[in-house]
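Participant: When we follow our numbering, the leftmost residue of the sequence shown carries the number 117, and every step to the right adds one. Quick reminder that beta carbons are idealized off the backbone N, C-alpha and C, glycines included.
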Amino acid sequence: MELHGKSIIAGETISSGVILQRHFTARGELARFEEANEEHIHLAFQAAAKAAQEFHQLAPELRAAFLERIGGELESLGDELLSTANIETALPIADRLAGERARTINQLKMFAALIREGSWVDARIDRAVPDRKPVPKPDIRRMLIPLGPVAVFGASNFPLAFSVAGGDTASALAAGCPVVVKAHPAHPATSELAARAVAKAAKDSGMPTGVFSMLQSSRNEISLAVVKHRLARAVAFTGSFRAGRALFDAAASRRDPIPVYAEMGSVNPVFILPGALKERTNGIAQGMKNSITLGTGQFCTSPGLTVGIGNDFARFSDELTTLIRNAPPSGMLSPGILEAFEAGVERLGSIKGVRVMESSYAADRTRTQARPVLFVTDAETLQGHHELGEELFGPSSVMVRCDSRDELLTVARNLSGHLTATIHGTAADLTEYGELVAVLQSKVGRLIFNGFPTGVEVCAAMHHGGPYPATTDSRSTSVGTAAILRFARPIAYQNFPTHTLPPELQDANIRGIWRLLDGQWTKDPA
117 MELHGKSIIA
127 GETISSGVIL
137 QRHFTARGEL
147 ARFEEANEEH
157 IHLAFQAAAK
167 AAQEFHQLAP
177 ELRAAFLERI
187 GGELESLGDE
197 LLSTANIETA
207 LPIADRLAGE
217 RARTINQLKM
227 FAALIREGSW
237 VDARIDRAVP
247 DRKPVPKPDI
257 RRMLIPLGPV
267 AVFGASNFPL
277 AFSVAGGDTA
287 SALAAGCPVV
297 VKAHPAHPAT
307 SELAARAVAK
317 AAKDSGMPTG
327 VFSMLQSSRN
337 EISLAVVKHR
347 LARAVAFTGS
357 FRAGRALFDA
367 AASRRDPIPV
377 YAEMGSVNPV
387 FILPGALKER
397 TNGIAQGMKN
407 SITLGTGQFC
417 TSPGLTVGIG
427 NDFARFSDEL
437 TTLIRNAPPS
447 GMLSPGILEA
457 FEAGVERLGS
467 IKGVRVMESS
477 YAADRTRTQA
487 RPVLFVTDAE
497 TLQGHHELGE
507 ELFGPSSVMV
517 RCDSRDELLT
527 VARNLSGHLT
537 ATIHGTAADL
547 TEYGELVAVL
557 QSKVGRLIFN
567 GFPTGVEVCA
577 AMHHGGPYPA
587 TTDSRSTSVG
597 TAAILRFARP
607 IAYQNFPTHT
617 LPPELQDANI
627 RGIWRLLDGQ
637 WTKDPA
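(1) Quick one: residues in its chain with C-beta nearer than 8 angstroms to the C-beta of Thr-397, no 5 flanking neighbours on either side, listed in chain order?
(2) Relative to the alpha-carbon of Thr-638, which residue among Ser-235, Glu-455, Met-515 and Glu-395 has its alpha-carbon at the smallest distance?
(3) Could you check whether Phe-387 and Thr-538 sit closer than 8 angstroms to each other, using their CB atoms as the reference points?
(4) Compute the Euclidean distance between the alpha carbons of Leu-230 and Asp-494, then round it to the nearest angstrom.
(5) Could you check if Thr-412 is buried or exposed, using at least 16 other CB atoms within 10 Å of its CB as the buried criterion?
(6) Just tell me which of His-540, Ser-287, Ile-256 and Gly-215 has its CA closest to the CA of Pro-246.
(7) If I measure Cβ to Cβ from Pro-375 and keep anything under 6 angstroms in the same chain, skipping five residues before and after, which residues do I get?
(8) What number of angstroms, rounded off, separates the C-alpha of Ile-241 from the C-alpha of Thr-614?
(9) If contacts are defined as beta-carbon pairs under 8 angstroms, then Glu-395 and Thr-542 qualify, I think. What distance do you get, rounded to the angstrom?
(10) Relative to the C-alpha of Ile-453, which residue among Ala-348, Ala-271 and Glu-184 is closest?
(11) From His-345 to His-156, what distance separates their C-alpha atoms?
(12) If you follow the beta strand (DSSP E) that Ser-199 is part of, which residue opens it and which one closes it?
(13) Could you tell me which of Ala-598, Arg-602, Thr-597 and Gln-622 sits nearest to Ala-608, measuring between CA atoms?
(14) Around the C-beta of Asp-480, are 16 or more other C-beta atoms found within 10 angstroms, so that it is buried, or is it exposed?
(15) For Glu-216, which residues in the same chain have their Cβ closer than 6 angstroms to its Cβ, ignoring the five residues on either side in sequence?
(16) Run the CB neighbour count on Thr-587, radius 10 Å, all protein chains shown included, and call it buried at 16 or more, exposed below.
(17) Whole angstroms is fine: what's the gap from Ser-333's alpha carbon to Gly-326's?
(18) Using a threshold of 8 angstroms, state whether the C-beta atoms of Ser-594 and Gly-581 are closer than that.
(19) 8 angstroms is my cut-off, CB to CB: does Arg-605 come that close to chain D?
(20) What's the C-alpha gap between His-502 and Ala-315?
(21) In whole angstroms, what is the alpha-carbon distance linking Lys-405 and Gly-510?
(22) Can you give me the C-alpha to C-alpha distance between Ala-352 and Leu-197, rounded to a whole angstrom?
(23) So is Ser-520 buried or exposed if we call it buried at 16+ other beta carbons inside 10 Å?
(24) Under 8 angstroms, do Ser-339 and Leu-363 count as touching if we go by C-beta distance?
(25) Of the choices Thr-306, Lys-166, Gln-162 and Thr-205, whose alpha-carbon is the least far from that of Gly-194?
(26) For the alpha helix (DSSP H) containing Met-473, list its first residue and its last residue.
(27) Tell me the residue span of the alpha helix (DSSP H) that contains Lys-604.
(28) Can you name, in chain order, every residue of its own chain whose Cβ lies under 7 angstroms from the Cβ of Ala-544, other than the five neighbours on each side?
(29) When we look at the beta-carbon of Cys-518 and count the other beta-carbons within 10 Å, is it buried (16 or more) or exposed?
(30) Would Phe-171 pass as a contact of Met-323 if the rule is Cβ separation under 8 angstroms?
(31) Runs of 3 residues minimum, wholly inside the stretch 546 to 632: which ones carry the beta strand (DSSP E) assignment?
(32) If you draw a straight line from the alpha carbon of Glu-458 to that of Arg-529, how long is it in whole angstroms?
(33) If you reduce the DSSP assignment to three classes, tell me which class Ile-539 lands in.
(34) Straight-line CA distance for Tyr-584 to Thr-417?
(35) Between Pro-294, Val-134, Pro-373 and Gly-426, which lies nearest to Pro-262 when the distance is taken from Cα to Cα?
(36) Within 10 Å of its beta-carbon, does Lys-298 have 16 or more other beta-carbons around it, so buried, or fewer, so exposed?
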């Protein structure tokens, strides 16, 4: 497919004439990508706002079929989509991108199934009691409705699953919200291919023309302008703390502030308790090495902090160090990300009380390769240097040796917010360290026992979020069916004739969904 390098607004290609970058595609040709401008932003949100009401009122079956059609179009791109993403991100095709495409398509199918079933709208009906004393009780019916146009920012580390047609776009469209995507500048060709798939699916499914737009840009001011546009109603973002906070602040500064669901980085601490170390040091060390190096450490759930007690943990650190020394370097997503990682390694390695243990292999910087690294220190040094407890995006972990149970608990209490925390232990460990579980519940969105944080299952029960600064709203998730709730709000109807209400709230319950009827969950008619 020949790339045009332009933004796509309501199904049309729009040119600016301003070059974003020249870029080699999968077939080796030189393509030119153009910068979007503020006029493009306005056109995209105007079209989205015009489409919003019609898209909301479409039968769920039609929206579901649209989502599935997107998946079909992505599949039909075949090897070109994967090879393009490989060239732009250095992610391997067989071991990563093929699986990520499958995840992207499955997410679309998952949300299609969710809205077909329909109970996600959380319908609640309290019927009138006209003769109630001292005052009559009115008929009140409540459900979730879409917020309106959503701005989605593509992530660098997931060019398919958290990008143009990824989970944020899928969940927003499922909720009934038109989407304006700001593509990530690190993979513009992959973004264009995916955007054309979404636009084709929208056209072939008969969707309102403004239901989807995609803007290409590398400029921070364009990102801020997207968030500040008066017609944007919510924002979804995955990336760095600095960028996420800038978008959050921009949204808060509007005359009408809007929610920003930003996932901004996480250290994902791992606590290895004494009983587990005695029973399976080798297995935990091998698992940690795999988790640290998976995807060159470029997962938001990479284990960036590892904590344990005493000499057993010191021996564990030595074993993990040996594994890391024998781990080969691998490619990072872009030269800029590699430079940031190397600067972080130098910064943390210069702290007094920190020993740096790196892979013994040489890295090829022309292939943006990074060497895995451990920073070995103690709890006192950690508490004196906050930067040791902050995310370093790449294949690394800070190993923290504590002298006692109390010192380990102090480390846990001083954590900021993270996506995950992991505990390796035995049944006896959990009894002795029950307070650790209680502390970590207030620090993270997902607790893992005897596992590793990398690998996020896409399912209804998954919560991929956490307290600030991991995200801007710890109540929300960007993975799993609950992600749809970010883009909906409740509305209550009082004393409306039933035939004028949305189908989900009418007496007959023609959709057959679960509803809270006078305080009881049921599928019965009202």
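Facilitator: A quick look at the data gives this:
(1) Within the sequence shown, the letter at position 281 stands for residue 397. Excluding positions up to five away in sequence, the list reads Asp-428, Arg-431, Phe-432 and Glu-435.
(2) Within the sequence shown, residue 638 is the residue found at index 522, counting from 1. Answer by Cα proximity: Ser-235.
(3) Stepping through the sequence shown from its first residue, residue 538 is reached at position 422. Stepping through the sequence shown from its first residue, residue 387 is reached at position 271. Less than 8 angstroms divides the Cβ of Thr-538 from the Cβ of Phe-387.
(4) Numbered from its first residue, the sequence shown carries residue 230 at position 114. Numbered from its first residue, the sequence shown carries residue 494 at position 378. Cα-Cα distance, rounded: 47 angstroms.
(5) The residue you call residue 412 lines up with position 296 of the sequence shown. Burial of Thr-412 is indicated by the presence of at least 16 other C-beta atoms within 10 angstroms of its C-beta.
(6) Counting from one through the sequence shown, the residue named residue 246 turns up at place 130. Looking only at His-540, Ser-287, Ile-256 and Gly-215, the smallest Cα-Cα distance to Pro-246 is reached by Ile-256.
(7) Working through the sequence shown from its first residue, we reach residue 375 at position 259. Counting only Cβ-Cβ distances below 6 angstroms, and skipping sequence neighbours, we find Ala-350.
(8) If you number the sequence shown from 1, residue 241 lands on position 125. If you number the sequence shown from 1, residue 614 lands on position 498. When rounded, the distance between both Cα atoms is 11 angstroms.
(9) Mapped onto the sequence shown, residue 395 falls at position 279. Mapped onto the sequence shown, residue 542 falls at position 426. The beta-carbon separation of Glu-395 and Thr-542, rounded to 7 angstroms, stays under the 8 angstroms limit for a contact.
(10) In the sequence shown, counting from the first residue as 1, residue 453 sits at position 337. Shortest Cα-Cα distance from Ile-453 to any of Ala-348, Ala-271 and Glu-184 involves Ala-271.
(11) The sequence position of residue 345 within the sequence shown is 229, counting from 1. The sequence position of residue 156 within the sequence shown is 40, counting from 1. His-345 and His-156 have their alpha carbons spaced roughly 11 angstroms apart.
(12) By 1-based counting over the sequence shown, the position of residue 199 is 83. It is not in any beta strand (DSSP E) - Ser-199 instead sits in the alpha helix (DSSP H) that spans 195 to 205.
(13) Residue numbering aside, residue 608 sits at position 492 when the sequence shown is read from its first letter. The shortest C-alpha separation from Ala-608 is found at Gln-622.
(14) Here residue 480 refers to the residue found at position 364 of the sequence shown. Of the other Cβ atoms in all chains shown, fewer than 16 fall within 10 Å of the Cβ of Asp-480; this residue is therefore exposed.
(15) Translated into the one-based positions of the sequence shown, residue 216 becomes position 100. For Glu-216, same chain residues with a beta-carbon under 6 angstroms away, outside a window of 5 residues either side, are Leu-276 and Ala-277 in chain order.
(16) Working through the sequence shown from its first residue, we reach residue 587 at position 471. Residue environment for Thr-587: buried (at least 16 other C-beta atoms within 10 angstroms of its C-beta).
(17) Here residue 333 refers to the residue found at position 217 of the sequence shown. Here residue 326 refers to the residue found at position 210 of the sequence shown. Roughly 20 angstroms between the two C-alpha positions.
(18) Here residue 594 refers to the residue found at position 478 of the sequence shown. Here residue 581 refers to the residue found at position 465 of the sequence shown. For Ser-594 and Gly-581, yes; Cβs fall inside 8 angstroms.
(19) No chain D is present in this structure, which holds just one protein chain.
(20) By 1-based counting over the sequence shown, the position of residue 502 is 386. By 1-based counting over the sequence shown, the position of residue 315 is 199. Each residue's alpha carbon lies about 45 angstroms from the other.
(21) Taking the first residue of the sequence shown as position 1, residue 405 is located at position 289. Taking the first residue of the sequence shown as position 1, residue 510 is located at position 394. Lys-405 and Gly-510: Cα-Cα distance of roughly 13 angstroms.
(22) Along the sequence shown, one-based indexing puts residue 352 at 236. Along the sequence shown, one-based indexing puts residue 197 at 81. A straight line joining the alpha-carbon of Ala-352 with that of Leu-197 spans about 24 angstroms.
(23) Working through the sequence shown from its first residue, we reach residue 520 at position 404. Result: exposed.
(24) Taking the sequence shown and counting its residues from 1, one reaches residue 339 at position 223. Taking the sequence shown and counting its residues from 1, one reaches residue 363 at position 247. Yes; because the gap between Cβ atoms is below 8 angstroms, this pair is in contact.
(25) The residue labelled residue 194 in the question sits at position 78 within the sequence shown. Taking only the C-alpha atoms, the option nearest Gly-194 is Thr-306.
(26) In the sequence shown, residue 473 corresponds to position 357, counting from 1. DSSP places Met-473 outside any alpha helix (DSSP H); the residue lies instead in the beta strand (DSSP E), whose first and last residues are 471 to 474.
(27) Within the sequence shown, the letter at position 488 stands for residue 604. In the sequence as presented, Lys is not what sits at residue 604; that position holds Ala. No alpha helix (DSSP H) holds Ala-604; the beta strand (DSSP E) holding it covers 604 to 610.
(28) Taking the first residue of the sequence shown as 1, we reach residue 544 at position 428. Excluding residues within five positions, the ones whose Cβ falls inside 7 angstroms are Gly-391.
(29) The residue labelled residue 518 in the question sits at position 402 within the sequence shown. Buried, since its Cβ has 16 or more Cβ neighbours within 10 Å.
(30) Along the sequence shown, read from residue 1 onward, the residue named residue 171 stands at position 55. Along the sequence shown, read from residue 1 onward, the residue named residue 323 stands at position 207. Taking 8 angstroms as the Cβ cut-off, Phe-171 and Met-323 qualify as a contacting pair.
(31) Counting only runs of 3 or more, we get 560 to 565 and 604 to 610.
(32) Walking along the sequence shown from the start, residue 458 turns up at place 342. Walking along the sequence shown from the start, residue 529 turns up at place 413. Going from the Cα of Glu-458 to the Cα of Arg-529 covers about 29 angstroms.
(33) Residue numbering aside, residue 539 sits at position 423 when the sequence shown is read from its first letter. Strand, per DSSP.
(34) Against the sequence shown, residue 584 aligns to sequence position 468. Against the sequence shown, residue 417 aligns to sequence position 301. Roughly 15 angstroms between the two C-alpha positions.
(35) As a first step, residue 262 is located in the sequence shown; it is residue number 146 there, counting from the start. With distances taken between Cα atoms, Pro-262 lies closest to Pro-294.
(36) Working through the sequence shown from its first residue, we reach residue 298 at position 182. Flag for Lys-298 reads buried.
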